[in-house]
Amino acid sequence: GESVGLHLPTLSVQEGDNSIINCAYSNSASDYFIWYKQESGKGPQFIIDIRSNMDKRQGQRVTVLLNKTVKHLSLQIAATQPGDSAVYFCAEIAYGMRFGAGTRLTVKP
Amino acid sequence: DAGVIQSPRHEVTEMGQEVTLRCKPISGHDYLFWYRQTMMRGLELLIYFNNNVPIDDSGMPEDRFSAKMPNASFSTLKIQPSEPRDSAVYFCASSSTGLGQPQHFGDGTRLSIL
Chain P
505 GESVGLHLPT
515 LSVQEGDNSI
525 INCAYSNSAS
535 DYFIWYKQES
545 GKGPQFIIDI
555 RSNMDKRQGQ
565 RVTVLLNKTV
575 KHLSLQIAAT
585 QPGDSAVYFC
595 AEIAYGMRFG
605 AGTRLTVKP
Chain W
-10 DAGVIQSPRH
0 EVTEMGQEVT
10 LRCKPISGHD
20 YLFWYRQTMM
30 RGLELLIYFN
40 NNVPIDDSGM
50 PEDRFSAKMP
60 NASFSTLKIQ
70 PSEPRDSAVY
80 FCASSSTGLG
90 QPQHFGDGTR
100 LSIL
């Protein structure tokens, strides 16, 4: 029979545009959040993290926003480049660690 | 510095065979994690160790799976007997301070059970 698997949300952007990737988390007790990037054939790579006592954190070309009221996390990538094409995962940490399903970002040159 | 090193990168074997996956964490990292990634279930934490001691193995799917960490620089994940549904990419990761800090992942072992 037909196999059912995760259908990753996909975001396609033009090179140079800004990208916003969203993540809804489930546990209101989660107090630490991480964004990872995974390229084909590689393991997840840390991008940026944020603790629950913050609502915004900035890195180099990336910003993470945390809205605890609606349990929502977003990753903003400025001036998206072809090298940013990958699957992006959010992870929430409370008493354990749980990963989101991921979003596939495709950057068109 | 070398990152997390996993071996083999690819493994193809027949069902019923024993499979052993290996991991060398980053030197100085006290925490080691084993994950499984599939299209059906995404990325799942199987087990993690602190100072070579298993802390949480609640993600291990069944008794056919076992993990050991005989010393600070080596861990194994063993499946015996293997089944086709165990086919997945298995990742090892390490960190210096547990779940509250980013983890460094290896490039995974792609396991196919025929």
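Going line by line, the protein sequences match chains P and W.
For the first sequence, my numbering assigns the number 505 to the initial residue and increments by one for each residue that follows.
For the second sequence, my numbering assigns the number -10 to the initial residue and increments by one for each residue that follows.
A virtual CB, placed ideally from N, CA and C, is assigned to each residue, including glycine.
Leaving out the 5 sequence neighbours to the left and right, which residues in its chain are closer than 6 Å to I554 of chain P when beta-carbon positions are compared? Start at 1 with the first residue of the first sequence, and residue 554 of chain P comes out as number 50. Counting only Cβ-Cβ distances below 6 Å, and skipping sequence neighbours, we find F537, R561, V568, L570.
Minimum Cβ-Cβ distance from M601 of chain P to chain W less than 8 Å: Here residue 601 of chain P corresponds to residue number 97 of the first sequence, with the count starting at 1. Answer yes: the Cβ-Cβ gap between M601 of chain P and chain W drops below 8 Å somewhere.
My assumption, with CB atoms under 8 Å, is that P73 of chain W sits in contact with I102 of chain W. Please give the rounded CB distance. Against the second sequence, residue 73 of chain W aligns to sequence position 84. Against the second sequence, residue 102 of chain W aligns to sequence position 113. Indeed, because the Cβ distance is near 5 Å, the residues count as touching under 8 Å.
State yes or no: is the C-beta of L515 of chain P within less than 8 Å of the C-beta of L609 of chain P? Reading the first sequence from its first residue, position 11 is the one you call residue 515 of chain P. Reading the first sequence from its first residue, position 105 is the one you call residue 609 of chain P. In contact: L515 of chain P and L609 of chain P (Cβ atoms closer than 8 Å).
Beta-carbon of D553 of chain P versus every beta-carbon of chain W: anything under 8 Å? Sequence index remark: in the first sequence, residue 553 of chain P carries index 49 (1-based). By this cut-off, D553 of chain P is an interface position.
Burial state of V1 of chain W (16 or more Cβ within 10 Å): Sequence index remark: in the second sequence, residue 1 of chain W carries index 12 (1-based). Classification for V1 of chain W: exposed.
Taking only three categories from DSSP, how would you classify P73 of chain W? Within the second sequence, numbered from 1, the residue matching residue 73 of chain W stands at position 84. It is helical.
Who are the near neighbours of V8 of chain W in its chain, counting only those whose CB is closer than 8 Å to its CB and skipping five residues on each side? Translated into positions along the second sequence, residue 8 of chain W becomes position 19. Excluding residues within five positions, the ones whose Cβ falls inside 8 Å are E0, T2, K67, I68, Q69, S71, D75, L100, I102.
Is it right to say T573 of chain P is buried, meaning 16 or more other beta carbons lie within 10 angstroms of its own, or is it exposed? Along the first sequence, read from residue 1 onward, the residue named residue 573 of chain P stands at position 69. Under this definition T573 of chain P is an exposed residue.
Quick one: what does DSSP say H548 of chain P is sitting in, helix, strand or coil? In the first sequence, residue 548 of chain P corresponds to position 44, counting from 1. Here the sequence assigns Pro to residue 548 of chain P, which means His is not the residue at that position. Three-state result, P548 of chain P: coil.
Is there at least one Cβ from chain P nearer than 8 Å to G95 of chain W's Cβ? Counted from its first residue, the second sequence places residue 95 of chain W at position 106. So, interface residue.
Do C81 of chain W and Q(-5) of chain W have their CB atoms nearer than 8 Å? Along the second sequence, read from residue 1 onward, the residue named residue 81 of chain W stands at position 92. Along the second sequence, read from residue 1 onward, the residue named residue -5 of chain W stands at position 6. Going by C-beta atoms, C81 of chain W is nearer than 8 Å to Q(-5) of chain W.
Could you work out which residue in P:K575, P:I525, P:F603 is closest to A590 of chain P when comparing CA atoms only? Your numbering for residue 590 of chain P matches position 86 in the first sequence. A590 of chain P has its Cα closest to that of P:I525, out of P:K575, P:I525, P:F603.
Is it true that the CB of S523 of chain P sits closer than 8 Å to the CB of T584 of chain P? As a working note, residue 584 of chain P is residue 80 in the first sequence. As a working note, residue 523 of chain P is residue 19 in the first sequence. Yes, these two residues count as a Cβ contact at 8 Å.
Going by alpha carbons, who is nearest to S534 of chain P out of P:L577, P:K612, P:G587? In the first sequence, residue 534 of chain P corresponds to position 30, counting from 1. Taking only the C-alpha atoms, the option nearest S534 of chain P is P:L577.
Measuring CA to CA, which of W:L10, W:M28, W:Q6, W:E33 is closest to R602 of chain P? Residue 602 of chain P sits at position 98 when you count from the first residue of the first sequence. Residue W:E33 is the option with its Cα nearest to R602 of chain P.
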